[in-house]
Amino acid sequence: MTEHVSDTEIEDFALGELPAARLPGFEAHVSICDQCAGRLAREARLELVLAEAAATAPAERRARRALLTRRTAGAALATFALAAAVLLLVLRGAGEQQPAAPAIPELVCADGPGQTGCVQRAQRHGLFVQYPDWAGPGPFGPRDPSAGPSVAPFPVARPRP
Amino acid sequence: MQAKDPGLASSLAGARAPDPSGPSDPSGPSHPSGPSHPSGPGAAVPVPVSALAEKPEQEIVERARAGDRLAWDVLIARHDHRVVLSLLARGMRMQRARELAQRTWTRLYAQQRAGRLDRLELPGLAIRQAAFLALEDARSRPPDDASLDAAPAAAVIDPAASIEERLIRRDELRRAHAELERCPPAARRVFTFIHANPGMRHADAARALGLSVQRVRQILCEVRARLRAAIETEPIHD
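Protein chains in written order, with numbering that gives the first Met the number 0: chain A, 0 to 160; chain B, 0 to 237.
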């Protein structure tokens, strides 16, 4: 394919809906065309943001909470406890207004000389940080195996050894 | 670009053979894909039809963590596209993005085999692992490597830029949420359903939602246009 790919094709690709027959030509073109590769990168980025928005939308969270409530409401003995838990959840949500932990942690701080600064700056901005797992020591030394899963969201207050 | 290992080569050629570059278990997961992953080189190769794919994600994840190869296949078919998108979004070229996505799944599977996979949250874990592999990849290249893939991959390793990126993205998310709330409930339902079921074809989604495929696509197109406008046109307040 020598012609630039269309916006529709790029959007279809991002959505996973590009017909298989058009795929080889599409991929061959974006592999050699800077302009189309750039457009594809923008569309890919948008799609990731939209996916995250869909997964973390307030209405979606409410719906999931409602579903959870419906499923557990059958347990008669737990009714009172459930009501208390839901009330607590609602009050907590209203009071704290904390953003939910993102489905995709927001930042990978690569190991290397810039990692400590990366983590510190991320902490200042309240971003969640994921160390590249299985990559050796993080900025605060080797990971403590007893500290639990390393996929836990940062910040974690861990003193420098 | 040539694949450097046989597993990668077979995957890029569209074969669905186990990846020998992965763990010692010869029955490792095969890389995508098929009907649920139309964008892979193996798009024409059908994914094994299994009732497993109909089960809740959490159950499939648990099976994968227990070493069920078929469960891995289902998860890869479901989430690989988003992993590839995450690399493309970084400016990586298509071929390289696909190679790294495959290495990502191989690495995750190897971790599972080694009993080191505490949790398996997808696609988040795979996206992070892919970002890390992109970093490794960029570092392993000589500084004067001027190939097409080298420069975009190098951008992945700039943590300072990533922080700003994340702040911008958080702002974009906020605006997307606000615009999504303004969309009609029916449109919102279609949009969230599509994104809550990665890998599901629009035709299948339409059946599940009781709508025509054309209607689903039309709604999706409208919602995306609104969100795109909200994200791209509003000034960023930081």
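Glycine included, C-beta positions come from ideal geometry on N, C-alpha and C.
Amino acids of chain B, ordered along the chain, whose beta-carbon sits closer than 7 angstroms to that of residue i
i	result
residue 48 (chain A)	168, 171, 172, 175, 230
residue 8 (chain A)	Within chain B, no residue comes near residue 8 (chain A); the closest Cβ sits about 11 angstroms away, beyond 7 angstroms.
residue 51 (chain A)	172
residue 44 (chain A)	88
Partners in chain A for residue i, counting only beta-carbon separations shorter than 7 angstroms
i	result
residue 94 (chain B)	30
residue 227 (chain B)	45
residue 105 (chain B)	Within chain A, no residue comes near residue 105 (chain B); the closest Cβ sits about 13 angstroms away, beyond 7 angstroms.
residue 223 (chain B)	49
residue 201 (chain B)	16
residue 84 (chain B)	13, 43, 46, 47
residue 80 (chain B)	15
residue 100 (chain B)	Within chain A, no residue comes near residue 100 (chain B); the closest Cβ sits about 12 angstroms away, beyond 7 angstroms.
Residue i, buried or exposed, once every other Cβ within 10 Å from all chains shown has been counted against 16
i	result
residue 163 (chain B)	exposed
residue 85 (chain B)	buried
residue 229 (chain B)	buried
residue 136 (chain B)	buried
residue 42 (chain A)	buried
residue 114 (chain B)	exposed
residue 132 (chain A)	Because residue 132 (chain A) sits at a pLDDT of 46, beneath the cut-off of 50, its placement in the model cannot be relied upon, and the following sentence gives the value as read from the coordinates. Classification of residue 132 (chain A): buried, given that the 10 Å Cβ count is 16 or more.
residue 88 (chain B)	buried
residue 57 (chain B)	exposed
residue 105 (chain B)	buried
residue 20 (chain A)	exposed
residue 40 (chain A)	buried
Among the options, nearest to residue i - alpha-carbon criterion
i	options	result
residue 79 (chain B)	B:118, B:61, B:90, B:123	B:123
residue 55 (chain B)	B:66, B:68, B:77	B:77
residue 30 (chain A)	B:227, B:115, B:92	B:92
residue 97 (chain B)	A:8, A:4, A:26	A:26
residue 66 (chain B)	B:196, B:119, B:185, B:218	B:119
residue 2 (chain A)	A:17, A:11, A:18, A:24	A:24
residue 173 (chain B)	A:18, A:52, A:10, A:20	A:52
residue 36 (chain A)	A:10, A:18, A:50	A:10
residue 55 (chain A)	B:231, B:88, B:180	B:180
residue 57 (chain A)	B:106, B:182, B:112	B:182
residue 195 (chain B)	A:19, A:38, A:49	A:49
residue 120 (chain A)	B:165, B:61, B:197	B:165
residue 32 (chain A)	B:185, B:106, B:94	B:94
residue 121 (chain B)	B:177, B:112, B:197	B:197
Residues that residue i contacts on chain B, provided the C-beta gap is smaller than 8 angstroms
i	result
residue 24 (chain A)	Those within 8 angstroms of residue 24 (chain A) in chain B number zero; the least Cβ separation is about 12 angstroms.
Sequence-distant residues of the same chain with beta carbon closer than 8 angstroms to residue i, five excluded per side
i	result
residue 205 (chain B)	211, 212, 214, 215
residue 46 (chain A)	13, 14
residue 110 (chain B)	116
residue 103 (chain B)	82, 125, 128, 129, 132
residue 189 (chain B)	204, 208, 210, 215, 218, 219, 222
residue 193 (chain B)	199, 201, 204, 215, 219
residue 99 (chain B)	86, 91, 129, 132, 133, 136
residue 17 (chain A)	8, 11, 25
residue 95 (chain A)	Because the pLDDT at residue 95 (chain A) is just 47, under 50, the model does not fix this residue reliably, and the point stays unresolved.
residue 53 (chain B)	none
residue 177 (chain B)	229
Closer than 8 angstroms at the beta carbon, the chain A residues around residue i
i	result
residue 61 (chain B)	In chain order: nothing, as chain A lies at least about 15 angstroms away.
residue 58 (chain B)	In chain order: nothing, as chain A lies at least about 15 angstroms away.
residue 198 (chain B)	15
Interface residues of chain A facing residue i [CB-CB closer than 9 angstroms]
i	result
residue 209 (chain B)	The contacting residues do not exist; residue 209 (chain B) stays about 18 angstroms from chain A at best.
residue 205 (chain B)	Residues of chain A passing the Cβ test: none, with the nearest at roughly 12 angstroms.
Residue i at chain D interface by Cβ criterion, 7 angstroms
i	result
residue 16 (chain A)	This model lacks chain D altogether; the protein chains it does include are A and B.
Other residues of its chain near residue i: CB distance less than 7 angstroms, five sequence neighbours each side excluded
i	result
residue 59 (chain B)	51, 70, 73, 74
residue 187 (chain B)	179
residue 175 (chain B)	226, 229, 230
residue 38 (chain A)	9
Cutoff 6 angstroms; reference residue i; Cβ partners in own chain excluding five residues on either side
i	result
residue 191 (chain B)	none
residue 185 (chain B)	none
residue 98 (chain A)	Because the pLDDT at residue 98 (chain A) is just 44, under 50, the model does not fix this residue reliably, and the value given afterwards should be weighed accordingly. Correct list: empty, nothing qualifies.
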